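Novice: Quick note, the sequences are listed as chains A and B, same order. 3 is the number of the first residue of the first sequence in the working numbering; add one for each residue after it. 148 is the number of the first residue of the second sequence in the working numbering; add one for each residue after it. Ideal Cβ placement from N, Cα and C applies to all residues, glycine included. The structure presented is a predicted model; accordingly, all values stated were derived computationally and were not measured.
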Amino acid sequence: MWRKSKPYLLLLPSTGVIVLLFFGGLFDGLLKSLGYFPAIGENQMSFIAYRDLLGSESFWESLRLTIRVAAISSLLAGILGGALAIALFMLSLSSKTKHSRLWQRLFQLPLTIPHLVAGYVIVLLFMQSGLLSKLLAAAGIIKEINEFPVLVNDAFGWGIILAYTWKEVPFIMLMLYPVLARIQKSWRDVSRVYGAGTFRFIREIALPIMMPSWIIAVFIVFVFTFSAFEIPFLLGVTYPSMLPVYSFQLYTSGTLAERPEALAVNIILAVMTIALGLVVYYFSKRWKITKGWQ
Amino acid sequence: MKRMFLPLRICLSLILFLFIGLPFIALLISSIAAGWQWPDLFPETFSFRAWEYILVGSSGTWQSIGTSLLIALIVMIINILLAVPAANALVRFQFRGKRLAEAILFAPIIIPPFVAVMGIHLTFLRLGLTETILGVVLAHISPTLPYMVRAVMVSYSTLSTDWENQARMLGAGPIHRFYHVVLPHLLPGIAAGASLSILISLSQYLITFIIGSGQVVTLPILLFPFISGGDPAVASAYSLLFAGMAILALFSLDMALKKYYQTKNPSVLKVKGAKR
């Protein structure tokens, strides 16, 4: 009896806390998004908030922006991170020294940088009077400050895309490097015996091995960017804003009537991230990303 | 052979400089610039005004760092206490509902935690938990706990029950077994989880803002007005301080772990030797 109930007892505190604080919060939000709020005398449930939301242009604008920014930044981070992971791996094959570990450590620095700081770095570098604009002016490429494109607080979301790319490249590298490291050094030698050059080796061996993990890593970054707040809050514009910022704007706009709408945005966001998360989970299980290959 | 990789090495160094070096140089110069006009590559005059303001002025920096660290530490301790038994159950037992438990524990990684925090906000308000450190601590648990559980699970999966059985045969009670056999083995995992927990807790802005309502002033809350269109020098100095605090917290945890293994070296060596 004790043996049977032991794992449940061990799990009780942690799952209890998450159920209470996290799922309780989700459920609380769901009820309030449906307008059920006994403390102010609202006992009726309705889909008014959802109907208003789905009927408003600003919601769809937000959704479009969110998908666009998440897609572009995760692809950019994926391409850069993948290229850098392969470059570091080739470096580690060529030299026996421990340098490649140091390289990896250095490249992973942005992972530890808080999002707000990452956002501010992008402001400093990419705003119209930022460092890059100054560098271009010093090189004589641009003459007027206005010639530098508006990349921060722009409607397209370039600032957000740049900030997320910077933050997520190390993450992609972190996910890919262990996969590449499973390639034995002898494989490189065998490929050379058969006459494959460096680029053939990368294309025929490294890339196919990396591909499933690459897709998963890019997808994870996509989901993370989807629910990001700090960076779009700092680098975005008031309209259109990314969904989490949109929800925050509705929530803090003051009127009690808009709160159900804010919570409805959250619930939609949660449902979408769950769906995306399930896709990641399904494919990573199917492709056995977490297990080794024999 | 080596020569062929020289271009690659130069290329990587260049990328590294653009990627890591340039942002920090920009922050550093901006933090000591006294007015940095557009076409100038370097500011005309330098001053430590911004650093003076945030470090010795009445800006409340130190207090906010204290609040940030206090919250991060309490969250970390709660996470360790919750995660160790949970990881034990998930790794070492087969039981019904295991996947459900995993789904519950790892859900906050996928579903953005601010969704739950905004939902629970009014309930916290009624319970008097808003504007308190306790409320913020509770709000920081769900974004951090999954990472702690994950890290400790990795450690548990490499610990064979044979070790505990051996200790049991030698007459060690459950407390002794845990303290002398299990805990030393879990420590690297716990440290990795603690690093993540601290890092995530330190960099929370939105969750702290919603529950703390601006009354619980952590460093991100304090610096936000500056980086969203305030004084650039102060904003840069705060950004460096904030990034430095996060890196330093991780570094000191790493050092503490190394020190632990140094003082406990003989026993650890013996365990490792026996394993081989």
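The alpha helix (DSSP H) spanning Ala236 (chain B) covers which residue range?
Specialist: Counting along the chain, the alpha helix (DSSP H) containing Ala236 (chain B) begins and ends at Thr208 to Arg239.
Novice: Under 8 angstroms: do the stretch 185-198 of chain A and the stretch 102-112 of chain A share three or more Cβ pairs, one atom per stretch?
Specialist: no
Novice: Could you tell me which of B:Thr365, B:Tyr385 and B:Val364 sits nearest to Phe373 (chain B), measuring between CA atoms?
Specialist: Sorting B:Thr365, B:Tyr385 and B:Val364 by C-alpha distance to the C-alpha of Phe373 (chain B) places B:Tyr385 at the top.
Novice: Do Val171 (chain A) and Leu82 (chain A) count as a contact pair if the criterion is CB distance below 8 angstroms?
Specialist: yes
Novice: Contact check, Met295 (chain B) vs Ile357 (chain B) under 8 angstroms by CB: the rounded distance?
Specialist: Contact flag wrong, Cβ pair sits at about 23 angstroms.
Novice: List the residues of chain A whose Cβ lies closer than 9 angstroms to the Cβ of Ile394 (chain B), in chain order.
Specialist: Leu111, Thr114 and Ile115
Novice: State yes or no: is the C-beta of Ser383 (chain B) within less than 8 angstroms of the C-beta of Ser194 (chain B)?
Specialist: Contact flag unset, no.
Novice: Going along the chain, which residues of its own chain have a beta-carbon closer than 8 angstroms to the beta-carbon of Leu271 (chain A), five neighbours each way excluded?
Specialist: Phe228, Ser229, Leu245, Pro246 and Ser249
Novice: Along the chain, where does the alpha helix (DSSP H) that runs through His323 (chain B) open and close?
Specialist: Pro321 to Arg324
Novice: Terminal residues of the continuous alpha helix (DSSP H) containing Gly26 (chain A)?
Specialist: Gly26 to Ser35
Novice: Can you find a C-beta in chain A that's less than 8 angstroms from the C-beta of Ile212 (chain B)?
Specialist: no
Novice: Taking the DSSP output, what are the residues bridged to Glu44 (chain A)?
Specialist: Bridge partners of Glu44 (chain A): A:Phe39.
Novice: Anything in chain A within Cβ reach of Asn235 (chain B), meaning under 7 angstroms, just list it in chain order.
Specialist: Against Asn235 (chain B), the close residues of chain A are Leu12, in the order they occur along the chain (beta-carbon pairs closer than 7 angstroms).
Novice: Using a Cβ-Cβ distance cut-off of 8 angstroms, determine whether Lys34 (chain A) contacts chain E.
Specialist: As a matter of chain content, chain E is missing from the structure shown, whose protein chains are A and B.
Novice: For Ile227 (chain B), verify whether its CB is less than 7 angstroms away from any heavy atom of the ligand HEM.
Specialist: In terms of ligand content, the structure shown is empty, and the ligand HEM therefore cannot be addressed.
Novice: I need the DSSP call for Phe193 (chain B), collapsed to helix, strand or coil.
Specialist: strand
Novice: The alpha helix (DSSP H) that contains Phe235 (chain A), what's its start and end?
Specialist: Taken as a continuous stretch (DSSP letters only), the alpha helix (DSSP H) holding Phe235 (chain A) covers Glu232 to Leu237.
Novice: Just to confirm my understanding: we take Met223 (chain B), look at its own chain, exclude 5 residues before and 5 after, and list those with CB closer than 7 angstroms. What are they?
Specialist: Ala341, Ser344 and Ile345
Novice: In chain B, which residues lie less than 8 angstroms from Val225 (chain A) when you measure between Cβ atoms?
Specialist: In chain order: Ile257.
Novice: So, are the CB atoms of Thr167 (chain A) and Ala79 (chain A) less than 8 angstroms apart?
Specialist: yes
Novice: Would you call Ile20 (chain A) buried or exposed, if buried means 16 or more other Cβ atoms sit within 10 Å of its Cβ?
Specialist: buried
Novice: Does DSSP classify Ala180 (chain B) as helix, strand or coil?
Specialist: strand
Novice: Contact defined as beta carbons within less than 8 angstroms: I believe Thr114 (chain A) pairs with Ala393 (chain B). What is the distance between those atoms, to the nearest angstrom?
Specialist: Yes, they are in contact, since the Cβ atoms of Thr114 (chain A) and Ala393 (chain B) sit about 5 angstroms apart, within 8 angstroms.
Novice: Roughly how many angstroms lie between the CA atoms of Lys149 (chain B) and Phe285 (chain A), to the nearest whole one?
Specialist: Caution is warranted here: a pLDDT of 48 is assigned to Lys149 (chain B), below 50, making its placement in the model unreliable, and no coordinate value can be reported.
Novice: Is it true that the stretch 360-376 of chain B meets the stretch 171-191 of chain B, where meeting means three or more beta-carbon pairs spaced less than 8 angstroms apart?
Specialist: With a cut-off of 8 angstroms, the stretch 171-191 of chain B and the stretch 360-376 of chain B do not count as touching, because too few Cβ pairs lie within range.
Novice: Is the stretch 207-220 of chain A touching the stretch 319-331 of chain B, taking contact as three or more C-beta pairs under 8 angstroms?
Specialist: The way I'd put it, the stretch 207-220 of chain A doesn't touch the stretch 319-331 of chain B; fewer than three beta-carbon pairs between them come closer than 8 angstroms.
Novice: With a cut-off of 8 angstroms, does the C-beta of Ala264 (chain A) fall near any C-beta of chain B?
Specialist: yes
Novice: For the alpha helix (DSSP H) that contains Ala141 (chain A), what are its first and last residues?
Specialist: Segment: none, Ala141 (chain A) is in no alpha helix (DSSP H) and carries neither H nor E.
Novice: Using beta carbons (cut-off 8 angstroms, strictly below), is Thr17 (chain A) in contact with chain B?
Specialist: At least one chain B Cβ lies under 8 angstroms of Thr17 (chain A).
Novice: Tell me where the alpha helix (DSSP H) around His332 (chain B) begins and ends.
Specialist: From DSSP, the alpha helix (DSSP H) with His332 (chain B) extends over Leu330 to Leu349.
Novice: Look at Pro112 (chain A) and Lys169 (chain A) and say whether their C-beta atoms are less than 8 angstroms apart.
Specialist: yes
Novice: Assuming the contact rule is C-beta atoms closer than 8 angstroms, Gly238 (chain A) and Ile162 (chain A) should be a hit. Round their C-beta distance to whole Å, please.
Specialist: 6 angstroms
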